[in-house]
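J.: Could you have a look at this structure, given as C-alpha cells, before my questions?
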Amino acid sequence: MHLPDGLVDGGTALAGYAACAVLVGVGLWQVNRRPDPGALVPRAALLAAVFFAGSLVSIPVPPATVHLTLAGFVGVLLGWLAVPVIVIGLFFQAILFGHGGLTTLGLNALIMGLPALLAFAIWRLAGGDRRGRPTAMALAGGLGAAGVLLAVALFAAVVLLGLPDDVDAAMERRAVGIFIAAHLPVAVIEGVVTAAAVGLLHRAGSGLLRYG
Amino acid sequence: MSKRPDRLPILLLALLASVPETALGHAAFVEADAVRAVRVEGRYATGEPMAGAQVTVFAPADPAEPWRQGQTDADGVFLFVPDGEPGRWAVRLRQAGHGGMAHLDVPADTAAPLVLATGRAAAPSPVQKTVMAACVIWGCIGTALYFRRTRAG
Chain F
1 MHLPDGLVDG GTALAGYAAC AVLVGVGLWQ VNRRPDPGAL VPRAALLAAV
51 FFAGSLVSIP VPPATVHLTL AGFVGVLLGW LAVPVIVIGL FFQAILFGHG
101 GLTTLGLNAL IMGLPALLAF AIWRLAGGDR RGRPTAMALA GGLGAAGVLL
151 AVALFAAVVL LGLPDDVDAA MERRAVGIFI AAHLPVAVIE GVVTAAAVGL
201 LHRAGSGLLR YG
Chain H
1001 MSKRPDRLPI LLLALLASVP ETALGHAAFV EADAVRAVRV EGRYATGEPM
1051 AGAQVTVFAP ADPAEPWRQG QTDADGVFLF VPDGEPGRWA VRLRQAGHGG
1101 MAHLDVPADT AAPLVLATGR AAAPSPVQKT VMAACVIWGC IGTALYFRRT
1151 RAG
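Printed below as a string of C-alpha cells:
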C-alpha cells in the first residue's frame, strides 16, 4: 500500500510532503514538551524496526498479495512519535527495496500516519492505558484493525482522485476495489497483532503503555 | 444536416474507386516483417506478474500525450513497436495505484539496439534483502540500546 514514483503528479506529491512536515513538526514539538523527551526514544527506535520489517512480510490473499501496515499499532504504542517513526520506516523501505517512491514519501507517510494519529487520539480519549487488560486489548485490537481500513481508504482516495485522463477509470476503480477487499483479512490480522502487543505490555507493567 | 445525404454517395464512390482490384478478386497478401519491438513486463515485489495492468506509452515528441494505451497480458507483459521516432520513450504501468515508469532510448539507426535508460527491475535477491533488512533492524535496536544506556547512566 505504498504509492510509487511516477503515478502521482508533482503538486500532489509536494502537498503530501508539506502536510507530512507539519505532522512531524507537531509530533516532535509535543514530545519535546514532555519532562523527559528522550524516554520514548528506545521504544520509538524498536517500533521503527517493527514497522520497517512488518511491511516486508507478504501475506497472500488471492488474487493479490498484501502486507501488514501497522498504522494503528504504532499509533497506539507511540502517540505523536508515530509519524516521525513512519517516515523513517518508509524512507528505508523506499531506498532499499523500492517499496514506495521517494517523491511520494510525504503522501505515503500521511496515508499511514493519519490513521496512526487517529488511533492514538481514540486510545487516549478512551483512556486505554488505564483500563484493565481485557478492555485495553479489545480497544487496541479494534484500533489496529481500523487503522488498516482507514489507511486503505486514504490510499484509494489518493489513487482515484488523482487519476490522469489517459487511465481507464472504470478499470482502475475495479482494481482498487479488489485491493480494498484483499485488505479485510489484513485488518483482522493487525487487530490481533495490536491486541497481543498491548496484552504483553500490560502484563509487563501498565506503565509501559503510558506516554504521559 | 440536409447536406449530408447528398455527400454520402460521392464518398462511397470515392472509397470504391480506391479499393485495389486484387481485393475485389478475393486475393489476399500477407506480409511479415521483422520489426524492433519493446517488451515491457510488470511484476510485483513478490514476483507475481502485474496481469491486466494499464499501460501507457509516451513518444519522445510529446511526453505528456499518450502515444498508445493497452493492457498487460496474464504474464504481466505488453509489447509495442516504437515506430520511427528516435529519442527517449516512456512506458507507464499501473494497477490499483501500484506500478511505475520505464524509459528507453530509441536510436535513429534502426539497426542499433534499444537502450533501457531507467526502469530495470533490480529486485534484490532474498539474501540481499535479508541482509539489508537485518542492518536496518540492528540500527534501530542499537539506537534503542544507546538511549536506554544513557538514560540509565
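Residue numbers (our numbering), protein chains in the order written: chain F, 1 to 212; chain H, 1001 to 1153.
Backbone N, C-alpha and C define an ideal beta-carbon position, used for all residues, glycine too.
Please read these numbers as outputs of a predicted model, since none were measured by experiment.
Do F/GLY132 and F/GLY191 come within 8 Å of each other at the CB atom, strictly closer than that value?
T.: No, the pair does not count as a contact, with Cβ atoms beyond the cut-off.
J.: Bridge partners for H/THR1056 per DSSP, in chain order?
T.: Its beta-bridge partners are H/GLN1069 and H/ARG1092.
J.: Taking all protein chains shown into account, decide if H/GLU1021 is buried (16 or more other Cβ within 10 angstroms of its Cβ) or exposed.
T.: Its pLDDT being 49, under 50, H/GLU1021 is placed unreliably in this model, and the value from its coordinates should be taken loosely. Exposed is the call here.
J.: With DSSP as the reference, please indicate the residues paired to H/PRO1130 in a beta bridge.
T.: Reading off the sequence, residue 1130 of chain H comes out as Thr, not Pro. For H/THR1130, which the question treats as bridged, DSSP gives no partner whatsoever.
J.: Does the distance from the CB of H/GLN1095 to the CB of H/MET1050 come in under 8 Å?
T.: A contact, by the Cβ cut-off of 8 Å.
J.: Going by other Cβ atoms of all chains shown within 10 Å of its Cβ, with 16 needed for buried, is F/GLY10 buried or exposed?
T.: Exposed, because fewer than 16 other Cβ atoms sit within 10 Å of the Cβ of F/GLY10.
J.: So what's H/PHE972 in DSSP terms, helix, strand or just coil?
T.: Lying outside 1001 to 1153, the shown extent of chain H, residue 972 of chain H is not represented and no answer is given.
J.: Can you list the residues of chain F that H/HIS1098 reaches, using a CB-CB cut of under 7 Å?
T.: Neighbours of H/HIS1098 on chain F, chain order: PRO4.
J.: Looking at the C-beta of F/HIS99, does it have a partner C-beta in chain H at a distance below 8 Å?
T.: Yes, F/HIS99 lies at the interface with chain H (some Cβ there is under 8 Å from its Cβ).
J.: Run through chain H and tell me which residues come within less than 9 Å of F/ASP168, C-beta to C-beta.
T.: Within chain H, the residues near F/ASP168 are GLN1054, GLN1069 and GLN1071.
J.: Our contact map puts F/SER55 next to F/THR69 with C-beta atoms below 8 Å; I'd like the distance itself, whole angstroms only.
T.: About 7 Å separates the two Cβ atoms, so the contact holds.
J.: Would you please state the rounded distance, in angstroms, between the beta carbons of F/ALA146 and F/GLY27? I believe it to be under 8 Å.
T.: About 20 Å separates the two Cβ atoms, so there is no contact after all.
J.: For the region 26 to 42 of chain F against the region 1128 to 1145 of chain H, do three or more pairs of beta-carbon atoms, one drawn from each stretch, fall closer than 8 Å, so that the two count as touching?
T.: Flag = yes, the region 26 to 42 of chain F and the region 1128 to 1145 of chain H touch.
J.: Of all the residues that make up the region 1024 to 1043 of chain H, which are near chain A by a beta-carbon distance shorter than 9 Å?
T.: In the structure shown, chain A cannot be found, because the protein chains are F and H.
J.: Work out the CA separation of F/ALA170 and F/GLY102 for me, nearest whole Å.
T.: Residue identity differs from the one stated: residue 102 of chain F is Leu in this sequence, not Gly. So the alpha carbons of these two residues sit roughly 28 Å apart.
J.: Using the rule of at least 16 other Cβ atoms within 10 Å of the residue's Cβ for burial, across every protein chain shown, is H/ALA1111 buried or exposed?
T.: With fewer than 16 other Cβ atoms within 10 Å, it is exposed.
J.: Closer than 8 Å is the cut-off here; do at least three beta carbon pairs connect the region 1076 to 1084 of chain H with the region 1036 to 1047 of chain H?
T.: The region 1076 to 1084 of chain H, when compared against the region 1036 to 1047 of chain H, does touch it at the 8 Å Cβ threshold.
J.: By a C-beta neighbour count over all protein chains shown, 10 Å radius and 16 as the cutoff for buried, is H/TRP1138 buried or exposed?
T.: Counting Cβ neighbours within 10 Å, H/TRP1138 comes out exposed, since fewer than 16 surround it.
J.: Any beta carbon from chain H within less than 8 Å of F/ALA48's own beta carbon?
T.: Answer yes: the Cβ-Cβ gap between F/ALA48 and chain H drops below 8 Å somewhere.
J.: Determine the DSSP secondary structure at F/HIS99, reduced to helix, strand or coil.
T.: Correct three-state label for F/HIS99: coil.
J.: Name the residue from F/VAL61, F/LEU96 and F/GLU172 whose alpha carbon lies nearest to the alpha carbon of F/HIS183.
T.: Here the closest residue by C-alpha is F/VAL61.
J.: Would you check if the region 74 to 81 of chain F and the region 91 to 109 of chain F touch, i.e. whether three or more CB-CB distances between them fall below 8 Å?
T.: Taking 8 Å as the limit for Cβ pairs, the verdict is that the region 74 to 81 of chain F does not touch the region 91 to 109 of chain F.
J.: So which residues on chain F does H/ARG1092 lean against when the C-beta distance must stay under 7 Å?
T.: Result: GLY6.
J.: Closest to H/GLY1097 by C-alpha separation, out of F/PRO4, F/ARG203, F/LEU209 and F/LEU200, would be which residue?
T.: Taking only the C-alpha atoms, the option nearest H/GLY1097 is F/PRO4.
J.: Return the chain-ordered ranges of every alpha helix (DSSP H) run that is complete within the region 5 to 58 of chain F and spans a minimum of 4 residues.
T.: Counting whole runs of 4 or more residues, the region 5 to 58 of chain F contains the alpha helix (DSSP H) stretches 10 to 32 and 41 to 54.
J.: Is there at least one Cβ from chain F nearer than 8 Å to H/ALA1133's Cβ?
T.: Output row for H/ALA1133: interface = yes.
J.: Bridge partners for F/VAL167 per DSSP, in chain order?
T.: F/VAL167 is not bridged to any residue.
J.: Using 8 Å as the limit for Cβ to Cβ distance, is H/VAL1077 near chain F?
T.: Output row for H/VAL1077: interface = no.
J.: Can you tell me which residues form a DSSP beta bridge with F/THR65?
T.: F/THR65 pairs with F/PRO60.
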